[in-house]
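Reading through the structure tokens given below for one structure.
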Amino acid sequence: SLKGKTAIITGSNSGIGLGVAQELAKAGADVVLNSFTDRDEDHALAAELARDYGVTARYIAADMSKPEECRALIEKAGACDILVNNAGIQFVAPIEEFPVDKWNAIIAINLSSAFHTTAAALPMMREAGWGRVVNVASAHGLTASPFKSAYVAAKHGVVGMTKTVALETAEEPITCNAICPGYVLTPLVEAQIPETMKEYGMDRDTVIREVMLARQPSRTFATTEQIGGTAVFLCSDAAAQITGTTISVDGGWTAL
Ligand code: NAD
């Protein structure tokens, strides 16, 4: 059980982050939800988790595109045994048309935020004598697709940083790993469907079957619960010697 452990999950008011928070709470961890929005419904999500799983759950607003807010999130939480770097955005365009502000935002949110939160959290993990860093990378941390230069660069970066942090903590009871999901049907993926339809000139069902799940041999979306369950496993004693590696949850994508 993760009872007594505090888990901070960045970007966790929807999709995979929320699924991971739910599974960690189910396993007994106190959870800190995060996004930049700070709406009533964000705080309500935390209250719901606390009620459903009998844990302490808080929502702390912080914009993961801002270095100082990344670090402030960890400081405000006051404890961080489990850090799940999950916040991420996507933008799809050929590289010569890729807007510079989108490139910068993707690198900041999908890659640099994990640098800042990890730097702030490791001293707390050392103090506590135990820690888990779980980075939500992607199959795009191991392979590429056209039109996703910033996302693929950021996710490969996350995988590289995961290995480095694992080496820097190798002799301590701290691990750092990355989960590499294939396609999970979340708001992030939903939002890509119209652009991909335009890019390929296909209808919705054809884009899902022929473009998105074309790379996923199972032809089935992974679920947020499965990503959450993988995070719980990485926090278990069975995973204590798993560090500096990636776990793909991609229906066979990276086997192709
Ligand atoms: P999502 O859009 O449902 O969730 C993204 C989360 O990030 C939201 O909670 C959002 O509030 C948060 N966020 C965005 N910008 C932020 C900012 N500036 N500051 C703080 N929070 C911010 O998307 P998702 O599919 O759940 O994606 C979560 C992670 O999983 C991302 O890192 C994504 O790259 C990764 N991923 C998703 C898939 C997939 O198929 N859905 C596959 C592989 C990897």
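All letters in the sequence shown, in the order written, are residues 2 to 257 by the UniProt record's numbering. No residue lacks a Cβ here, since even glycine has one placed at the ideal position from N, Cα and C.
#### Entry: Backbone secondary structure at C81 - three-state DSSP
As a first step, residue 81 must be located in the sequence shown, where it is residue number 80. Three-state DSSP puts C81 in coil, outside helix and strand.
### Query
Are the beta-carbon atoms belonging to G183 and A232 less than 8 Å from one another?
Taking the sequence shown and counting its residues from 1, the one referred to as residue 183 is at position 182. Taking the sequence shown and counting its residues from 1, the one referred to as residue 232 is at position 231. No.
### Query
Fully enclosed by the region 130–217, which beta strand (DSSP E) runs are 3 residues long or longer?
Complete beta strand (DSSP E) runs here, min 3: 132–137 and 175–182.
### Query
For R133, which of D206, G245, K27 and Y152 has the nearest alpha-carbon?
Counting from 1 along the sequence shown, the entry for residue 133 is found at position 132. The shortest C-alpha separation from R133 is found at G245.
### Message
Measuring straight from C-alpha to C-alpha, what distance separates A151 and W104?
### Response
Working through the sequence shown from its first residue, we reach residue 151 at position 150. Working through the sequence shown from its first residue, we reach residue 104 at position 103. Spanning the two alpha carbons is a distance of roughly 5 Å.
### Query
Smallest Cα separation from A22: which of I175, L84, A78 and A94?
Position 21 of the sequence shown holds residue 22. The residue with the shortest Cα to Cα distance from A22 is L84.
### Task
Pull up the DSSP beta-bridge partners for N86, would you.
The residue labelled residue 86 in the question sits at position 85 within the sequence shown. Answer is N136, bridged to N86.
### Message
Buried or exposed, going by whether 16 or more other CB atoms sit within 10 Å of the CB of G79?
### Response
The residue labelled residue 79 in the question sits at position 78 within the sequence shown. Counting other Cβ atoms within 10 Å of its Cβ, G79 stays below 16 and is therefore classed as exposed.
### Query
A122 to G161, Cα distance in whole Å?
Reading the sequence shown from its first residue, position 121 is the one you call residue 122. Reading the sequence shown from its first residue, position 160 is the one you call residue 161. Distance between the alpha carbons of A122 and G161 is about 18 Å.
### Query
Short check: CB of L3 to CB of C236, under 8 Å?
In the sequence shown, counting from the first residue as 1, residue 3 sits at position 2. In the sequence shown, counting from the first residue as 1, residue 236 sits at position 235. Closer than 8 Å, so yes.
### Task
Report yes if the C-beta of A154 is less than 7 Å from at least one heavy atom of the ligand NAD; otherwise report no.
Here the question's residue 154 lines up with position 153 in the sequence shown. No, the Cβ of A154 stays beyond 7 Å of every heavy atom of the ligand NAD.
### Task
Please confirm if the region 61–68 is in contact with the region 25–42, defined as three or more CB-CB distances below 8 Å between the two stretches.
Contact annotation: the region 61–68 touches the region 25–42, with at least three C-beta pairs closer than 8 Å.
### Query
Can you tell me where the beta strand (DSSP E) with A58 in it begins and where it stops?
Walking along the sequence shown from the start, residue 58 turns up at place 57. Where A58 is concerned, the enclosing beta strand (DSSP E) stretches over A58 to A62.
### Query
What residue from C81, A145 and L168 has the CA that sits closest to F157's CA?
As a first step, residue 157 must be located in the sequence shown, where it is residue number 156. Residue 157 is actually His in this sequence, not Phe. A145 is the residue among C81, A145 and L168 whose C-alpha sits nearest the C-alpha of H157.
### Query
Expressed to the nearest angstrom, what Euclidean distance is found between the alpha-carbon atoms of W131 and T170?
If you number the sequence shown from 1, residue 131 lands on position 130. If you number the sequence shown from 1, residue 170 lands on position 169. Here the C-alpha atom of W131 lies approximately 11 Å from the C-alpha atom of T170.
#### Entry: Cut-off 7 Å between Cβ atoms - residues of its own chain near F148, not counting five sequence neighbours on either side
The residue given as residue 148 occupies position 147 in the sequence shown. In its chain, beyond the 5 residues on either side, V93, A94, P95 and E200 have a beta carbon closer than 7 Å to the beta carbon of F148.
### Query
By Cβ distance, which residues of its chain are closer than 7 Å to V185, with the 5 residues on each side in sequence left out?
Here the question's residue 185 lines up with position 184 in the sequence shown. Excluding sequence positions up to five before and after V185, its CB lies within less than 7 Å of the CB of I17, F222, A223, T224, T225 and I228, all in the same chain and listed in chain order.
#### Entry: Cβ of F234 within 8 Å of any chain B Cβ
Checking the listed chains, one finds no chain B in this structure; it contains a single protein chain.
### Message
Whole angstroms are fine: how far does the CA of D41 sit from the CA of residue 1?
### Response
Past the edges of the chain, shown from 2 to 257, lies residue 1, and the structure says nothing about it.
### Task
Please go through the same chain and pick out, in chain order, the residues whose beta-carbon is closer than 6 Å to the beta-carbon of H44, but skip the five residues on each side of it.
For the purposes of this step, residue 44 is taken as the residue at position 43 of the sequence shown. Only Y60 meet the Cβ criterion.
### Query
Can you tell which of C177, T11 and T57 has the C-alpha that lies nearest to the C-alpha of K27?
Here residue 27 is taken as the residue at index 26 of the sequence shown, counted from 1. Nearest C-alpha to K27: T57.
#### Entry: Q217, buried or exposed, once every other Cβ within 10 Å from all chains shown has been counted against 16
Within the sequence shown, numbered from 1, the residue matching residue 217 stands at position 216. Classified as buried, Q217 has 16 or more neighbouring CB atoms from the shown chains inside 10 Å of its CB.
### Query
What is the rounded straight-line gap between the Cα of L257 and the Cα of G55?
Start at 1 with the first residue of the sequence shown, and residue 257 comes out as number 256. Start at 1 with the first residue of the sequence shown, and residue 55 comes out as number 54. Looking at the two C-alpha atoms, the distance is approximately 42 Å.
### Query
From D238 to E128, what does the alpha carbon distance come to, in whole angstroms?
What you label residue 238 is simply residue 237 of the sequence shown in a count that begins at 1. What you label residue 128 is simply residue 127 of the sequence shown in a count that begins at 1. Cα-Cα distance, rounded: 19 Å.
### Query
Under the criterion of a Cβ to heavy atom distance below 7 Å, does T11 qualify as lining the ligand NAD?
Along the sequence shown, read from residue 1 onward, the residue named residue 11 stands at position 10. Yes, since a heavy atom of the ligand NAD falls inside the 7 Å radius drawn around the Cβ of T11.
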